[in-house]
Amino acid sequence: MRQRTFILLSLLPALLLLLIFTFYPFFQGVIMAFQNYVLFDLSNVSFIGLRNFADAFRDPKFLQALTNSGYWVFFSLVFQFLLGLSLALILRKRFWGRGVYQGFIFYSWALSGFLIGLIWKWMFNSQIGVINDMLMRTGLIESRIGFLSDPDWAMISVIVANVWYGIAFFAIMLLAALQSVPADLYEAADMDGAGVVRKFFNVTFPFILPTIIATTLLRAIWIFNDPSIIYGLTNGGPAGMTHILSSLMLDKILYGGDYGMASAIGVIMIGILMLYTIFYLFATKSEKAGDF
Numbered sequence: 497m498r499q500r501t502f503i504l505l506s507l508l509p510a511l512l513l514l515l516i517f518t519f520y521p522f523f524q525g526v527i528m529a530f531q532n533y534v535l536f537d538l539s540n541v542s543f544i545g546l547r548n549f550a551d552a553f554r555d556p557k558f559l560q561a562l563t564n565s566g567y568w569v570f571f572s573l574v575f576q577f578l579l580g581l582s583l584a585l586i587l588r589k590r591f592w593g594r595g596v597y598q599g600f601i602f603y604s605w606a607l608s609g610f611l612i613g614l615i616w617k618w619m620f621n622s623q624i625g626v627i628n629d630m631l632m633r634t635g636l637i638e639s640r641i642g643f644l645s646d647p648d649w650a651m652i653s654v655i656v657a658n659v660w661y662g663i664a665f666f667a668i669m670l671l672a673a674l675q676s677v678p679a680d681l682y683e684a685a686d687m688d689g690a691g692v693v694r695k696f697f698n699v700t701f702p703f704i705l706p707t708i709i710a711t712t713l714l715r716a717i718w719i720f721n722d723p724s725i726i727y728g729l730t731n732g733g734p735a736g737m738t739h740i741l742s743s744l745m746l747d748k749i750l751y752g753g754d755y756g757m758a759s760a761i762g763v764i765m766i767g768i769l770m771l772y773t774i775f776y777l778f779a780t781k782s783e784k785a786g787d788f
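Under the numbering used here, the residues of the sequence shown are numbered 497 to 788, in order.
Pasting the structure below:
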């Protein structure tokens with residue numbers, strides 16, 4: 497009995513922190529989603545049912561942000577994974593200066609997403625940006641492109657910046673998984689006469705599959721929730737063409753003070769992530785490492 501009491505008292509501070517800083521804000525946000533809760537009109541706070549959700553789905557900006565979120569997550573995740581896996585396969589081999597090269601690659605993951613957005617904003621600048629300068633010097637374009645001001649290029653540009661930012665995460669995680677693959681599996685494959693491609697799909701890929709499932713699931717959730725690069729690059733512009741749901745939600749709070757609508761968007765995001773997680777885990781059922 498005394499031991500149980502000691503355990504409960506030891507857990508109490510952690511439970512209180514969770515209740516105060518996680519569960520209370522979460523449930524308060526869910527309640528706000530069903531309220532007319534505008535910061536500049538607090539005298540008129542009232543429950544309005546599903547009106548915030550109905551207004552959201554009638555709002556062209558919300559529908560644009562919802563579509564953008566799909567593009568944002570899908571293309572960012574696919575290219576981050578493919579390029580990160582390629583880097584991990586290269587870094588698995590020993591070569592001169594590998595440690596320094598790894599440090600430069602992994603350093604980008606330590607930077608703030610907003611700072612990355614500001615760096616790429618300068619690079620994409622239509623007047624002094626290095627990307628336009630390089631494209632013109634190589635003769636690929638004749639006139640400068642407004643990557644962040646042109647609606648046809650803006651979403652592509654923020655996805656490119658996000659792909660660059662996330663490559664390091666997959667490189668780190670997949671390199672760790674690759675280094676844990678037993679060498680005797682490759683020796684057995686060599687004895688069977690397996691080539692590089694066959695060894696990858698029959699030995700490497702099945703063994704690192706659990707890591708791939710975990711990292712892609714986590715990264716998709718982070719990409720979906722993180723508006724920092726978009727805020728650093730475009731702040732949702734031009735004319736809201738690069739807003740995703742998380743950046744639109746912040747926009748409703750920072751510039752409109754509409755906590756009710758922002759909370760409704762947040763609840764919609766939670767629903768989307770729950771459905772995605774259930775479907776993803778169901779579609780990628782995997783047993784222990786090495787089984788496929």
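Glycine residues also receive a C-beta, built at the ideal position from the N, C-alpha and C atoms. Keep in mind that this is a model prediction, so the values were computed, not measured.
Neighbourhood of G625 by C-beta, 7 angstroms cutoff - its chain only, sequence neighbours within 5 removed: Your numbering for residue 625 matches position 129 in the sequence shown. Excluding residues within five positions, the ones whose Cβ falls inside 7 angstroms are W618 and M619.
So, under 8 angstroms CB-CB, G613 and S724 are touching, yes? Tell me the CB distance rounded to an integer number of Å. Along the sequence shown, one-based indexing puts residue 613 at 117. Along the sequence shown, one-based indexing puts residue 724 at 228. About 6 angstroms; that satisfies the 8 angstroms criterion.
Do the region 626-635 and the region 552-567 touch if we need at least three Cβ pairs shorter than 8 angstroms? no
Excluding sequence positions up to five away, which residues of its chain have a Cβ less than 8 angstroms from the Cβ of L513? As a first step, residue 513 is located in the sequence shown; it is residue number 17 there, counting from the start. There are no such residues.
Buried or exposed (CB count within 10 angstroms, at least 16 for buried), V656: Taking the first residue of the sequence shown as 1, we reach residue 656 at position 160. Buried, because 16 or more other Cβ atoms sit within 10 Å of the Cβ of V656.
Using the Cα positions of M745 and F530, report the straight-line distance between them to the nearest angstrom. Within the sequence shown, residue 745 is the residue found at index 249, counting from 1. Within the sequence shown, residue 530 is the residue found at index 34, counting from 1. Computed Cα separation, rounded: 15 angstroms.
Per DSSP, cross-strand counterpart(s) of Q531: The residue given as residue 531 occupies position 35 in the sequence shown. According to DSSP, Q531 bridges with F543.
Between P706, A758 and F696, which lies nearest to D551 when the distance is taken from Cα to Cα? Locating residue 551 in the sequence shown gives position 55, where the first residue counts as 1. If we check each option's Cα against that of D551, A758 comes out closest.
Where are the alpha helix (DSSP H) runs, 4 residues long or more, that stay fully inside the region 553-629, in chain order? 556-588, 594-606 and 609-619
Exposed or buried, Y755, counting other C-beta atoms within 10 Å across all chains shown (16 or more means buried)? The residue labelled residue 755 in the question sits at position 259 within the sequence shown. By the neighbour-count rule (16 or more Cβ atoms within 10 Å), Y755 is buried.
Using the three-state DSSP reduction, which class does D688 fall into: helix, strand or coil? Taking the sequence shown and counting its residues from 1, the one referred to as residue 688 is at position 192. Coil, per DSSP.
Is it buried or exposed for K784, if we count other Cβ within 10 angstroms and need 16 for buried? Here the question's residue 784 lines up with position 288 in the sequence shown. Note that K784 scores a pLDDT of 48, beneath 50, so its modelled location is shaky and nothing firm can be said.
Quick one: using the 10 Å Cβ neighbour count with 16 as the cut-off for buried, is Q499 buried or exposed? Taking the first residue of the sequence shown as 1, we reach residue 499 at position 3. Flag for Q499 reads exposed.
Quick one: what's got a C-beta closer than 7 angstroms to N532's C-beta in the same chain, skipping five residues either side? Counting from one through the sequence shown, the residue named residue 532 turns up at place 36. Excluding residues within five positions, the ones whose Cβ falls inside 7 angstroms are N540, V541, S542, I544 and G756.
Chain C beta carbons: is any one of them nearer than 7 angstroms to that of Q576? In the structure shown, chain C cannot be found, because there is only a single protein chain.
Taking the beta carbon of M687 as the centre, do at least 16 other beta carbons fall within 10 Å, making it buried, or is it exposed? Indexing the sequence shown from 1 puts residue 687 at position 191. Classification for M687: exposed.
Three-way DSSP call (helix, strand, coil) for D747 in this model: The residue you call residue 747 lines up with position 251 of the sequence shown. If DSSP states are grouped into helix, strand and coil, D747 belongs with the helices.
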